[in-house]
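Enquirer:
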Amino acid sequence: MSKFDSGLPSVRQVQNLIKDQTPVDVKLLTGDSLRGVVRWQDTDALGLVDDSERSTIVRLAAIAYIAPRH
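The structure is reproduced here in structure tokens:
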């Protein structure tokens with residue numbers, strides 16, 4: 127398991143999304159899209175909760191991008 131480096135810009139940006147509870151669009155490498163609020167992140171995955179309070183664990187390696195929804 128790799129060490130969680132909170133000094134990395136991408137980690138800090140996701141931490142800000144978590145802190146601010148910003149709704150996001152998550153585009154997966156498969157082309158699928160998810161929407162929700164990121165609740166947590168670790169070295170391998172993040173937890174996403176959608177509008178119906180359904181929790182999804184998303185592997186970081188499967189993510190193409192994360193974009194804030196406004």
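Heads up: the sequence shown is residues 127 to 196, going by this note's numbering.
Even glycine gets a Cβ: it sits at the ideal position worked out from N, Cα and C.
Computed from a predicted model, the values in this text were never measured in an experiment.
#1: Quick check on Q139: buried or exposed, where buried means 16 or more other Cβ atoms within 10 Å of its Cβ?
#2: For S159, which residues from the same chain have a beta carbon less than 8 Å from its beta carbon, with the 5 sequence-adjacent residues on both sides left out?
#3: DSSP three-state label for L134, please.
#4: Could I get the ranges of all uninterrupted alpha helix (DSSP H) runs contained in the segment 137–184, with 4 residues as the minimum, in chain order?
#5: Rounded C-beta distance between V163 and L172? I'm assuming under 8 Å.
#6: In the DSSP assignment, the beta strand (DSSP E) including A187 goes from what residue to what residue?
Expert: A quick look at the data gives this:
#1: exposed
#2: D151, V152, K153
#3: coil
#4: none
#5: Actually they are not in contact, since the Cβ atoms of V163 and L172 sit about 11 Å apart, beyond 8 Å.
#6: Unbroken run through A187: none, as it is neither H nor E.
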